[in-house]
Amino acid sequence: ETGVTQTPRHLVMGMTNKKSLKCEQHLGHNAMYWYKQSAKKPLELMFVYNFKEQTENNSVPSRFSPECPNSSHLFLHLHTLQPEDSALYLCASSPDRMGGGTEAFFGQGTRLTVV
Amino acid sequence: QKEVEQNSGPLSVPEGAIASLNCTYSDRGSQSFFWYRQYSGKSPELIMSIYSNGDKEDGRFTAQLNKASQYVSLLIRDSQPSDSATYLCAVPTLMDSSYKLIFGSGTRLLVRP
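Structure, rendered in structure tokens:
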């Protein structure tokens with residue numbers, strides 16, 4: 008158990024569906040992140056929230072919409088995805104925004120398949 | 023130039039040998055460096071962090087940092103088949119006036135019984 012919990016673990020959705028990924032951290036951290044991991048590619052940072060405020064959006068398409076209602080919960084709302092969006096989506100948290108020295112702790116990930 | 027570079031491997035070593043994993047980074051201002059281990063189908067797990075030049079040992083793992091050469095490595099002594107995984111180097115990197123934790127593409131390690 009990592010202290011960062013993601014649900015669901017697996018998700019298959021059609022291109023016209025709307026779904027949401029959920030992340031919850033029990034570590035008392037202030038910053039939360041969404042990463043995307045595609046096959047044979049490095050982890051890609053998608054969104055960063057620090058104290059519930061979005062501080063980064065790395066040119067992510069608008070079909071991905073994050074939501075952070077509080078420091079412990081993070082959502083990623085998905086709509087009209089494309090097959091190339093199929094990937095492992097990882098949530099992470101850190102004590103604060105990743106400045107000089109704070110490491111990130113990851114959830115188990117959601118394996119997303121878009122059909 | 024990629025911010026964090028790793029050889030993708032696979033690096034194949036016999037059981038009991040020393041595995042040496044290397045990483046270079048581009049941001050000279052980076053102050054902290056992390057190694058994550060990721061088993062197939064699982065999420066990354068933090069195994070080592072290092073902040074100062076030199077060596078840091080934790081059990082069978084030793085992280086080595088050389089800031090002048092912008093180089094960080096991970097040594098695994100007495101490698102076990104259970105060490106077979108992808109090892110990710112991660113460096114907080116200043117990009118667009120803020121720090122982002124940038125990962126290398128990972129090195130796949132295979133430990134042969």
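Sequences listed follow chains W and R, in order. Quick note: the first sequence uses this note's numbering, first residue 8, plus one each step. Quick note: the second sequence uses this note's numbering, first residue 23, plus one each step. Built from N, CA and C at the ideal position, the CB exists for glycine as well.
Would you kindly work out how many angstroms separate the C-alpha atoms of Glu37 (chain R) and Lys47 (chain W), rounded to a whole number?
-> Residue 37 (chain R) sits at position 15 when you count from the first residue of the second sequence. Residue 47 (chain W) sits at position 40 when you count from the first residue of the first sequence. Computed Cα separation, rounded: 26 Å.
Between Gln92 (chain R) and Tyr47 (chain R), is the Cβ-Cβ spacing less than 8 Å?
-> Position 70 of the second sequence, counted from the start, is the residue given in the question as residue 92 (chain R). Position 25 of the second sequence, counted from the start, is the residue given in the question as residue 47 (chain R). It is a contact, given that the beta carbons lie within the stated cut-off.
Which one or two residues does DSSP pair with Gly76 (chain R) in a beta bridge?
-> Position 54 of the second sequence holds residue 76 (chain R). According to DSSP, Gly76 (chain R) bridges with R:Leu87.
Starting from Arg59 (chain R), follow its DSSP beta bridges and name the residues at the other end.
-> Along the second sequence, read from residue 1 onward, the residue named residue 59 (chain R) stands at position 37. For Arg59 (chain R), which the question treats as bridged, DSSP gives the partners R:Glu67, R:Tyr109.
When the distance is taken between beta carbons, is Val11 (chain W) closer than 8 Å to Gln32 (chain W)?
-> Against the first sequence, residue 32 (chain W) aligns to sequence position 25. Against the first sequence, residue 11 (chain W) aligns to sequence position 4. Gln32 (chain W) is a Cβ neighbour of Val11 (chain W), given a cutoff of 8 Å.
Contact set between Ala111 (chain W) and chain R, taken where Cβ atoms lie within less than 7 Å | Counting from 1 along the first sequence, the entry for residue 111 (chain W) is found at position 104. Those within 7 Å of Ala111 (chain W) in chain R are Leu123.
Quick one: does Pro49 (chain W) have its CB under 8 Å from some CB of chain R?
-> In the first sequence, residue 49 (chain W) corresponds to position 42, counting from 1. Yes, contact with chain R.
Does the beta-carbon distance from Asp105 (chain R) to Ala39 (chain R) come in below 8 Å?
-> Residue mapping note: residue 105 (chain R) aligns to position 83 of the second sequence, counting from 1. Residue mapping note: residue 39 (chain R) aligns to position 17 of the second sequence, counting from 1. No; because the gap between Cβ atoms is not below 8 Å, this pair is not in contact.
Since Leu88 (chain W) is in the beta strand (DSSP E), which residue starts that stretch and which ends it?
-> The sequence position of residue 88 (chain W) within the first sequence is 81, counting from 1. It is not in any beta strand (DSSP E) - Leu88 (chain W) carries neither H nor E in the DSSP assignment.
Which residues DSSP lists as bridging Gln61 (chain W), in chain order = Position 54 of the first sequence, counted from the start, is the residue given in the question as residue 61 (chain W). Beta-bridge pairing links Gln61 (chain W) to W:Tyr56.
Does the distance from the C-beta atom of Pro15 (chain W) to that of Thr117 (chain W) stay below 8 Å?
-> For the purposes of this step, residue 15 (chain W) is taken as residue 8 along the first sequence, with counting starting at 1. For the purposes of this step, residue 117 (chain W) is taken as residue 110 along the first sequence, with counting starting at 1. Yes.
How would you list, in chain order, the residues of chain W whose beta-carbon sits under 7 Å from the beta-carbon of Ser62 (chain R)?
-> On the second sequence, position 40 is the one that residue 62 (chain R) refers to. Ordered by position in chain W, no residue passes the 7 Å Cβ test against Ser62 (chain R), which lies about 11 Å from the chain.
Any C-beta of chain R sitting closer than 8 Å to the C-beta of Glu63 (chain W)?
-> Residue numbering aside, residue 63 (chain W) sits at position 56 when the first sequence is read from its first letter. Yes, Glu63 (chain W) lies at the interface with chain R (some Cβ there is under 8 Å from its Cβ).
Expected contact under 8 Å - CB spacing of Leu34 (chain W) and Phe113 (chain W) to nearest Å = Within the first sequence, the letter at position 27 stands for residue 34 (chain W). Within the first sequence, the letter at position 106 stands for residue 113 (chain W). 11 Å between Cβ atoms; not a contact.
Short CB-CB distance (under 8 Å) between Leu52 (chain W) and chain R | Along the first sequence, one-based indexing puts residue 52 (chain W) at 45. Cβ-Cβ to chain R under 8 Å: yes for Leu52 (chain W).
Under a Cβ-count criterion, where at least 16 other Cβ atoms within 10 Å of its own Cβ denotes burial, should Pro114 (chain R) be classed as buried or exposed?
-> Counting from one through the second sequence, the residue named residue 114 (chain R) turns up at place 92. Pro114 (chain R) is buried by the Cβ-count criterion.
Give the single residue among W:Ala38, W:Gln13, W:Phe71 whose Cα lies nearest to the Cα of Asn57 (chain W).
-> Start at 1 with the first residue of the first sequence, and residue 57 (chain W) comes out as number 50. Per the Cα distances, W:Ala38.
Looking at the unbroken beta strand (DSSP E) that takes in Thr120 (chain W), where does it start and where does it end?
-> Numbered from its first residue, the first sequence carries residue 120 (chain W) at position 113. Note, Thr120 (chain W): beta strand (DSSP E), 117–121.
Hey, Tyr61 (chain R) and Ala112 (chain R) are a contact pair by Cβ (cut 8 Å); roughly how many whole angstroms apart?
-> Along the second sequence, one-based indexing puts residue 61 (chain R) at 39. Along the second sequence, one-based indexing puts residue 112 (chain R) at 90. In fact, because the Cβ distance is near 17 Å, the residues do not count as touching under 8 Å.
Using the beta-carbon count (16 or more within 10 Å), is Ser66 (chain W) buried or exposed?
-> Translated into positions along the first sequence, residue 66 (chain W) becomes position 59. Exposed: under 16 other Cβ atoms inside 10 Å.
In chain W, which residues lie less than 7 Å from Leu68 (chain R) when you measure between Cβ atoms?
-> As a first step, residue 68 (chain R) must be located in the second sequence, where it is residue number 46. Correct list: Glu110, Phe112.
Are the C-beta of Gly126 (chain R) and some C-beta of chain W separated by less than 8 Å?
-> Counting from one through the second sequence, the residue named residue 126 (chain R) turns up at place 104. Judged by the 8 Å Cβ criterion, Gly126 (chain R) is in contact with chain W.
Which residues share a DSSP beta bridge with Thr23 (chain W)?
-> Taking the first sequence and counting its residues from 1, one reaches residue 23 (chain W) at position 16. Looking at the DSSP output, Thr23 (chain W) sits in no beta bridge, so it has no partner there.
Please name the residues in the segment 37–51 of chain R whose beta-carbon is closer than 7 Å to at least one beta-carbon of chain W, in chain order.
-> Listed by position, the residues of the segment 37–51 of chain R near chain W (Cβ gap below 7 Å) amount to none.
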